[in-house]
Amino acid sequence: PEAADLRSLAKLLYESYLKNFPLTKAKARAILSGKTSDNAPFVIHDMKSLLEGEQFINCRQIPRQDHHRRPSVSSVQSDLQREVELRFFHSCQSRSAEAVSEVTEFAKSIPGFLNLDLNDQVTLLKYAVIEVLIIMMSPLMNKDGTLISYGQIFMTREFLKSLRKPFGEMMEPKFEFSVKFNMLELDDSDMALFLAVIILSGDRPGLLNVKPIEDLQENVLHSLELHLKMNHPDSLHLFAKVLQKMTDLRQIVSDHVHFIHVLKESEINMCLHPLLQEIMKDLY
Amino acid sequence: TERHKILHRLLQDSSPADG
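Sequences listed follow chains A and B, in order. Note that the first sequence covers residues 163 to 446 in this note's numbering. Note that the second sequence covers residues 358 to 376 in this note's numbering.
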C-alpha cells in the first residue's frame with residue numbers, strides 16, 4: 163500500500179506538471195531534433211535575425227528615451243543595438259514572470275503545500291522559483307543554443323555569448339549546467355517529482371515551521387526514488403545524481419542574482435519586473 | 358509576506374481549474 167501511495171503521488175504531480183507547464187521536455191526535444199510536424203523554430207543568430215524574430219516574441223515594448231544621437235553611423239547602430247538587447251532582456255523578464263505563476267500553481271498542487279504556514283509558502287517559492295526555472299530551461303537547451311518563446315524560436319549560444327557585458331555572460335552557466343543535467347535523461351514525469359523536491363526544501367532561510375515541510379519533502383523523495391528505479395532500471399545511482407544537482411543549482415541562482423544586481427547598477431533603462439524584484443530582493 | 362505581495366496574491370488566487 164505504501165508503494166501504491168508513492169506511485170499515486172508521482173502520477174498526481176506529473177498530471178499537475180502537464181497542466182501547468184506549456185512546453186514539456188518531450189515536446190522540446192521533438193522540436194530540437196526536428197521530429198515534429200510543427201514548423202521548425204525560427205533561428206536567431208545575430209542582431210538582424212533578432213530584429214526579425216522579435217515579432218514571434220511576446221515582447222513588452224519599453225519606452226524609448228530621448229537621447230541625443232551622435233552623428234556617426236556606428237554610434238547610432240550601437241545605440242540601436244543597446245536598445246534591442248535591453249528590449250530582449252525585458253521580454254525574457256515577462257516570460258520569466260509568467261513562468262513564476264506557472265511554478266506557483268504547480269507548488270499549490272503538491273499535496274499538503276497549501277496547509278503550510280502562508281509565510282513559509284512564500285519563502286519556499288521565493289527561494290525555489292529560479293532553481294525551478296533553470297531546471298525547466300534545461301530541456302529547451304542543447305550545446306548549441308536554446309528554444310525560447312514556447313519553442314517557436316531557437317537562439318544560438320554563440321549569439322547570446324556575443325551580447326554586451328553582463329548580458330553575454332548570463333546564460334553560459336545555464337548552458338553548462340543544462341548540458342550536464344540533460345545527460346541524466348530525466349523525462350517529464352521524473353522532472354515533476356524533482357521540482358516538488360526542490361520546492362519543499364526545509365533549509366531555506368527564514369522558514370518558521372520546518373518539520374511539516376521536511377515531512378512533505380521526505381514523502382516526495384521516496385516517491386522520486388521509487389519512480390526513478392522503475393522508470394530507469396538500468397541507470398545506476400540516478401537518484402543520488404539527481405539530488406546532487408541541487409547543490410549546483412544554488413550556486414547558479416546566487417550568481418544569477420549577482421548578474422541582475424550588476425545590471426541594475428549599470429543600465430539606466432533597466433527596470434526589473436515587480437514580481438522578479440520581489441523574489442530577488444534579499445535573496446542570497 | 359508584506360514584502361512579497363505579488364507572490365502572496367499568486368498563492369491565494371484560486372486557479373481557474375478550482376473555479
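Every residue, glycine too, gets a C-beta built ideally from N, C-alpha and C.
A:Asp352 and A:Leu242 have their alpha carbons spaced roughly 43 Å apart. In this structure A:Glu334 is in contact with A:Lys323, their Cβ atoms being roughly 6 Å apart against a cut-off of 8 Å.
Taking C-beta separations shorter than 8 Å and ignoring five residues to either side along the sequence, the partners of A:Ile360 in its chain run Ala290, Glu293, Val294, Ile297, Met408, Leu411, following chain order. Nearest Cα to A:Tyr312 within the set A:Leu194, A:Leu370, A:Lys336: A:Leu194.
Within chain B, no C-beta atom comes nearer than 9 Å to that of A:Val419; the closest sits roughly 16 Å away. In the DSSP assignment, A:Gly274 falls outside any alpha helix (DSSP H) and carries neither an H nor an E. Apart from the 5 residues on each side of it in sequence, A:Arg191 sits with its Cβ closer than 7 Å to the Cβ of Pro301 in its chain, given in chain order.
Between A:Lys336 and the set A:Asp167, A:Ser416, A:Ile315, A:Gln283, the nearest pair of CA atoms involves A:Ser416.
Residues Leu369, Leu370, Asn371, Ile375 of the same chain have their beta carbon placed closer than 8 Å to that of A:Asp282, with the five preceding and five following residues left out of the count. Close CB contacts of A:Glu347 within its chain, under the 8 Å cut and outside five residues either way in sequence, are with His394, Ser397 (chain order). A:Val382 and A:Ala269 have their C-alpha atoms roughly 13 Å apart. A Cβ of chain B is located within less than 9 Å of the beta carbon of A:Pro436.
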